[in-house]
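Data first, discussion second: the structure below is written as structure tokens.
Protein chains in written order, with our numbering: chain A, 1 to 322; chain B, 323 to 644.
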């Protein structure tokens, strides 16, 4: 019902394996996608995916720190050079607008499309394509926000026993009824409303900026299907670095457990944690710390990993498209 | 006598194979280096080289276009996160200073070292480590500059016949004399000034910003050992795109030929020219067009290629360090 593709998963500094933060949220239908944060090099990461700047429907910036926004001027100007003409909305802290306007003024960059800035400080929620979007204020060294994306999907279910009892044979007719068309079989009309029940199901993903207090997501976490949250450190190091305003794995996982959130994707990993699990500390330490206090599905994500939230609310890793 | 390491060689847009513009100039001695232009992703490129942000001695920006400067905020803040405390001089158009100051103000980035901005518009030349640096005004859609780097090296040459006649045996004593030390052999003193002649040799590299009029380098081109210049297009396409303010290969090569510049390194290649020489157009077209009108050494450079200007004024490709 939505895909989340990680374009950058490193905290603060890029590494050879991980870029700084950027996350793509893809609509279930079509090619539309949304970008949450845009660290330097995000446009370069896009070159290795099937995402196009033309199908980008909106940008959401969680906070003003450079590792979450320094890719914006390049991505915006490259989209223009590639011929984008569609207006683009950016929900972001006010400082981002001021800084982009400084780029436009001082670096002579011409955009052949309209940028619509929405100050996240004033953002009361809005609809973007198939998503309704809300924010939650987090706690970090600067104001930081989570974006809550909710989509509604209507599931049409065939009443199989009723169809069999009525003598409608399994096959194309069933498909026509399920997709909302009446059918005629052997001279008899069958109305789809008699054989199909419709259920509305809500899907909720929360994608967070830097945050040292996961409990701030208590209210938004209700009915959340998947939480994307930073886990910059393991507990031992996180406690030493508390003044940086980040979370550690066990802290986020404990919150997700208490909030009954079934899927947890941990990102924004300090570069001290290497992908090589024979190195200490490694990202395996982040994962095992989270697993020790959390019973849901948890992954420590990597660049270019694409996760799918399916119609039953399950999150799985799907094949990368790069 | 100096190395030039290309960190980005694509015009306007990054590609999978080439980043946007950035060029490193390395001192002959030690680890000191200078950065000329800093497109987005330059700090990422550095991760694949032996260059460190700590040994960066100065930054020179040729013009305000984003593909030459959008890597600055990230590189500067990452250098701070990695512990740089040494002040850093940036010679750049005034707009760059205004934009970086906007980044510092609006994105809360704290630098633990001093940035010293020098407006290139007022720059009358200065010395940076072993280089004296001058500028040349170029012609582009916005004010654009070439940076002229000159280093002086003193070559100490042994007078071999005189040494043999004096009976000083070949070996360590010759080395001591050559490095400016007097020696004693079998009770006799030998003064190095009697056996060593010293010649001062000047080395000049010109690294240019975007430019549609190579002839502006006429004066600076005298005694130039190596010219690094854009060749965004081949002639056919360049003539169609003249309003963009770029040069094409034959145009630059004709100038280098007329100015007797022995080494020409062409960069800032439009992404339409692919590295795959079976593709049309390819970078091979840029190279052959330049070679057709130029008798010196010419290369169309690639990311991470490192060229050495040696003591005899010859430029060669040296093994990459990534």
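Glycine included, each C-beta is placed from N, C-alpha and C at the ideal position.
Quick caveat, the model's predicted, so the values are computed rather than measured.
Give me the residue from A:68, A:226, A:6 with the minimum Cα distance to residue 202 (chain A).
Numbered from its first residue, the first chain carries residue 202 (chain A) at position 202. If we check each option's Cα against that of residue 202 (chain A), A:226 comes out closest.
Return the residue from the list B:587, B:605, B:558, B:338 that minimises the CA-CA distance to residue 546 (chain B).
Against the second chain, residue 546 (chain B) aligns to sequence position 224. For residue 546 (chain B), the nearest C-alpha among the options comes from B:587.
Using 9 Å as the limit for Cβ to Cβ distance, is residue 73 (chain A) near chain B?
Residue mapping note: residue 73 (chain A) aligns to position 73 of the first chain, counting from 1. At least one CB atom of chain B sits nearer than 9 Å to the CB of residue 73 (chain A).
Which same chain residues end up closer than 7 Å to residue 26 (chain A) when comparing Cβ atoms and leaving out the 5 residues on each side of it in sequence?
Stepping through the first chain from its first residue, residue 26 (chain A) is reached at position 26. In the same chain as residue 26 (chain A), and ignoring 5 residues on each side of it, the C-beta atoms closer than 7 Å to its own belong to 2, 3, 5, 33, in chain order.
Which residues in the same chain have their Cβ closer than 7 Å to the Cβ of residue 191 (chain A), if we skip the five residues on either side of it in sequence?
For this step, residue 191 (chain A) is matched to residue 191 along the first chain. Counting only Cβ-Cβ distances below 7 Å, and skipping sequence neighbours, we find 182.
Does DSSP put residue 520 (chain B) in a helix, a strand or coil?
Translated into positions along the second chain, residue 520 (chain B) becomes position 198. In this structure, residue 520 (chain B) counts as strand in the three-state DSSP scheme.
Neighbour flag for residue 335 (chain B) against chain A, beta carbons, 9 Å:
For the purposes of this step, residue 335 (chain B) is taken as residue 13 along the second chain, with counting starting at 1. Yes - at least one Cβ of chain A is within 9 Å of the one on residue 335 (chain B).
What does the Cβ neighbour count give for residue 517 (chain B), buried or exposed, with the cut at 16 atoms within 10 Å?
Taking the second chain and counting its residues from 1, one reaches residue 517 (chain B) at position 195. Label assigned to residue 517 (chain B): buried.
According to DSSP, is residue 66 (chain A) part of a helix, a strand, or is it coil?
As a first step, residue 66 (chain A) is located in the first chain; it is residue number 66 there, counting from the start. Three-state result, residue 66 (chain A): helix.
In whole angstroms, give me the CA-to-CA distance for residue 479 (chain B) and residue 519 (chain B).
Numbered from 1 along the second chain, position 157 holds the residue referred to as residue 479 (chain B). Numbered from 1 along the second chain, position 197 holds the residue referred to as residue 519 (chain B). Counting only the Cα atoms, residue 519 (chain B) lies some 5 Å from residue 479 (chain B).
Given a cut-off of 9 Å, decide if residue 307 (chain A) and residue 300 (chain A) are closer than it, judged by their beta-carbon atoms.
Within the first chain, residue 300 (chain A) is the residue found at index 300, counting from 1. Within the first chain, residue 307 (chain A) is the residue found at index 307, counting from 1. Not closer than 9 Å, so no.
Do you know how far the Cα of residue 221 (chain A) is from the Cα of residue 262 (chain A)?
For the purposes of this step, residue 262 (chain A) is taken as residue 262 along the first chain, with counting starting at 1. For the purposes of this step, residue 221 (chain A) is taken as residue 221 along the first chain, with counting starting at 1. Rounded to the nearest whole angstrom, the CA to CA distance from residue 262 (chain A) to residue 221 (chain A) is 10 Å.
Establish whether the CB of residue 96 (chain A) and some CB of chain B are separated by less than 9 Å.
Translated into the one-based positions of the first chain, residue 96 (chain A) becomes position 96. Chain B places a beta carbon closer than 9 Å to that of residue 96 (chain A), counting this residue as a contact.
Span of the alpha helix (DSSP H) around residue 162 (chain A):
The residue you call residue 162 (chain A) lines up with position 162 of the first chain. First-last of the alpha helix (DSSP H) with residue 162 (chain A): 160–166.
Bridge partners for residue 332 (chain A) per DSSP, in chain order?
Not covered by the structure: residue 332 (chain A). The range shown for chain A is 1 to 322.
Please report whether the beta-carbon of residue 176 (chain A) lies at a distance below 9 Å from any beta-carbon of chain B.
Translated into positions along the first chain, residue 176 (chain A) becomes position 176. When Cβ-Cβ separations below 9 Å define contact, residue 176 (chain A) makes no contact with chain B.
Of all the options B:510, B:570, B:374, which has the alpha carbon lying nearest to the alpha carbon of residue 397 (chain B)?
Reading the second chain from its first residue, position 75 is the one you call residue 397 (chain B). That would be B:374, whose Cα lies nearest to the Cα of residue 397 (chain B).
Integer-rounded CB distance, given that residue 235 (chain A) should sit under 8 Å from residue 253 (chain A):
Counting from 1 along the first chain, the entry for residue 253 (chain A) is found at position 253. Counting from 1 along the first chain, the entry for residue 235 (chain A) is found at position 235. In this structure residue 253 (chain A) does not touch residue 235 (chain A) by the C-beta definition: roughly 10 Å separates them, more than the 8 Å allowed.
Could one say the Cβ of residue 107 (chain A) lies closer than 9 Å to chain B's Cβ atoms, at least one of them?
Locating residue 107 (chain A) in the first chain gives position 107, where the first residue counts as 1. With 9 Å as the cut-off, residue 107 (chain A) counts as an interface residue toward chain B.
With 16 as the cutoff for other CB atoms within 10 Å, does residue 54 (chain A) come out buried or exposed?
For this step, residue 54 (chain A) is matched to residue 54 along the first chain. Exposed, since its Cβ has fewer than 16 Cβ neighbours within 10 Å.
If you reduce the DSSP assignment to three classes, tell me which class residue 510 (chain B) lands in.
Along the second chain, one-based indexing puts residue 510 (chain B) at 188. DSSP places residue 510 (chain B) in strand when its eight states are reduced to three.
According to DSSP, which residues form a beta bridge with residue 109 (chain A)?
Along the first chain, read from residue 1 onward, the residue named residue 109 (chain A) stands at position 109. Beta-bridge pairing links residue 109 (chain A) to no other residue.
Same chain, Cβ closer than 7 Å to residue 163 (chain A), five either side skipped, listed in chain order:
What you label residue 163 (chain A) is simply residue 163 of the first chain in a count that begins at 1. Within its own chain, the residues whose Cβ lies closer than 7 Å to the Cβ of residue 163 (chain A), once the five positions on either side in sequence are excluded, are 174, 195, listed in chain order.
Contact check, residue 436 (chain B) vs residue 410 (chain B), beta carbons under 9 Å
By one-based count along the second chain, residue 436 (chain B) stands at place 114. By one-based count along the second chain, residue 410 (chain B) stands at place 88. For residue 436 (chain B) and residue 410 (chain B), yes; Cβs fall inside 9 Å.
Among B:612, B:350, B:363, B:506, nearest to residue 400 (chain B) - alpha-carbon criterion
Looking up residue 400 (chain B) in the second chain gives position 78. Per the Cα distances, B:363.
Using only CA atoms, which one of A:209, A:215, A:125 lies nearest to residue 68 (chain A)?
Walking along the first chain from the start, residue 68 (chain A) turns up at place 68. For residue 68 (chain A), the nearest C-alpha among the options comes from A:209.
Hey, residue 93 (chain A) and residue 124 (chain A): beta-carbon distance below 9 Å or not?
By one-based count along the first chain, residue 93 (chain A) stands at place 93. By one-based count along the first chain, residue 124 (chain A) stands at place 124. Taking the C-beta atoms as reference points, residue 124 (chain A) is found no nearer than 9 Å to residue 93 (chain A).
Spell out whether any CB of chain A is found under 9 Å from the CB atom of residue 355 (chain B).
Residue 355 (chain B) sits at position 33 when you count from the first residue of the second chain. Chain A, which has no Cβ nearer than 9 Å to the Cβ of residue 355 (chain B), makes this no.
Straight-line Cα distance separating residue 50 (chain A) from residue 434 (chain B):
Numbered from 1 along the second chain, position 112 holds the residue referred to as residue 434 (chain B). Numbered from 1 along the first chain, position 50 holds the residue referred to as residue 50 (chain A). Whole-angstrom Cα-Cα distance: 39 Å.
Have a look at the DSSP bridge pairing and note the partners of residue 58 (chain A).
Here residue 58 (chain A) refers to the residue found at position 58 when the first chain is read from its first residue. A:34, per the DSSP bridge assignment.
Take residue 241 (chain A) as the anchor and find which of A:255, A:259, A:218, A:212 has the nearest alpha-carbon.
Position 241 of the first chain, counting from 1, holds the residue named residue 241 (chain A). For the set A:255, A:259, A:218, A:212, the Cα lying nearest the Cα of residue 241 (chain A) is the one of A:212.
Taking only beta-carbon positions, decide if residue 308 (chain A) is within less than 9 Å of chain B.
Position 308 of the first chain, counted from the first residue, corresponds to residue 308 (chain A). It does not: the Cβ of residue 308 (chain A) has no partner Cβ on chain B nearer than 9 Å.
Is residue 374 (chain B) close to chain A, meaning its C-beta is less than 9 Å from at least one C-beta of that chain?
Locating residue 374 (chain B) in the second chain gives position 52, counting from the first residue. Under the 9 Å criterion on CB atoms, residue 374 (chain B) is classed as non-interfacial with respect to chain A.
Rounded to the nearest angstrom, what separates residue 311 (chain A) and residue 206 (chain A) at their Cα positions?
Stepping through the first chain from its first residue, residue 311 (chain A) is reached at position 311. Stepping through the first chain from its first residue, residue 206 (chain A) is reached at position 206. Computed Cα separation, rounded: 17 Å.
Give me the residue from A:17, A:8, A:105 with the minimum Cα distance to residue 274 (chain A).
Residue mapping note: residue 274 (chain A) aligns to position 274 of the first chain, counting from 1. Closest in C-alpha terms to residue 274 (chain A), from the list A:17, A:8, A:105, comes A:17.
Short check: CB of residue 388 (chain B) to CB of residue 361 (chain B), under 9 Å?
Reading the second chain from its first residue, position 66 is the one you call residue 388 (chain B). Reading the second chain from its first residue, position 39 is the one you call residue 361 (chain B). Yes, the Cβ-Cβ distance between residue 388 (chain B) and residue 361 (chain B) is below 9 Å.
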